[in-house]
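Peer 1: Numbering (the numbering used here), first residue to last: 647 to 796. Beta carbons: idealized from backbone N, C-alpha and C, even for Gly. Remember, it's a predicted structure, so these values are computed and weren't measured experimentally.
1) Out of 708, 678, 682, point me to the one whose CA is closest to residue 692's CA.
2) The alpha helix (DSSP H) with residue 760 in it runs from where to where?
3) Could you check where the alpha helix (DSSP H) with residue 707 kicks off and where it finishes?
4) Do the stretch 767-775 and the stretch 740-747 make contact, defined as three or more Cβ pairs closer than 8 Å?
5) Do residue 748 and residue 779 have their CB atoms nearer than 9 Å?
6) Which same chain residues, not among the five before or five after residue 682, have their C-beta less than 7 Å away from its C-beta?
7) What residue does the beta strand (DSSP E) around residue 770 start on, and which one ends it?
8) Is residue 657 helix, strand or coil when you go by DSSP?
9) Among residues of its own chain, excluding the 5 on either side of residue 752, which ones have a beta-carbon nearer than 7 Å to its beta-carbon?
10) Helix, strand or coil for residue 693? Go by DSSP, reduced to three states.
11) Can you tell me where the alpha helix (DSSP H) holding residue 744 begins and where it ends?
12) Let me check one thing: in DSSP terms, what residues is residue 750 bridge-paired to?
13) Helix, strand or coil for residue 675? Go by DSSP, reduced to three states.
14) Please report the distance separating the alpha-carbon of residue 694 from that of residue 734.
15) Taking the straight line between their C-alpha atoms, what separation do you get for residue 696 and residue 706?
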């Protein structure tokens, strides 16, 4: 088996970071967007459209749409989409955390290795399945499988 220590898509060894550090950084970023920035933006848009720009007309329109969703129990559809969104974010955070110690640069999505003798016709190129490279490949495939399933 051949392990390449450098190449056009591998970052220098100094740029490899521990998975826990990157996982924590991405988790903090996602939590800020989902629970702080998103609601602030949504409430700002709601207040600007109902109180400043269009006053009662926009408020009545928005209220009638929300009432329609509530009367027809369509809020479950929006909750379901939001839950799938949160699940996908969790997978992306996991994959980005697993990418950090591999030194694999973007946009490369998987890490491959040569199995067998390098110059023989018996050598195979397969996805890495062991160590940090294998962990990253599995995490990345998890994201891809969810995307394909949706």
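Peer 2: Let me spell this out:
1) Of the listed residues, the one whose Cα sits closest to residue 692 is 708.
2) Segment 758-761 is the beta strand (DSSP E) holding residue 760; no alpha helix (DSSP H) there.
3) Segment 702-717, the alpha helix (DSSP H) holding residue 707.
4) They do not touch, by the three-pair rule.
5) Yes, these two residues count as a Cβ contact at 9 Å.
6) Around residue 682: no qualifying Cβ.
7) Judged by DSSP secondary structure, residue 770 falls within the beta strand (DSSP E) whose first and last residues are 770-773.
8) When secondary structure is reduced to three states using DSSP, residue 657 falls in the coil class, being assigned neither helix nor strand.
9) There are no such residues.
10) Assigned with DSSP and collapsed to three states, residue 693 falls in helix.
11) From DSSP, the alpha helix (DSSP H) with residue 744 extends over 721-745.
12) As DSSP reads the structure, residue 750 sits in a beta bridge with 656.
13) Correct three-state label for residue 675: helix.
14) So the two alpha carbons sit approximately 31 Å from each other.
15) Using only the alpha carbons, I get a separation of about 9 Å.
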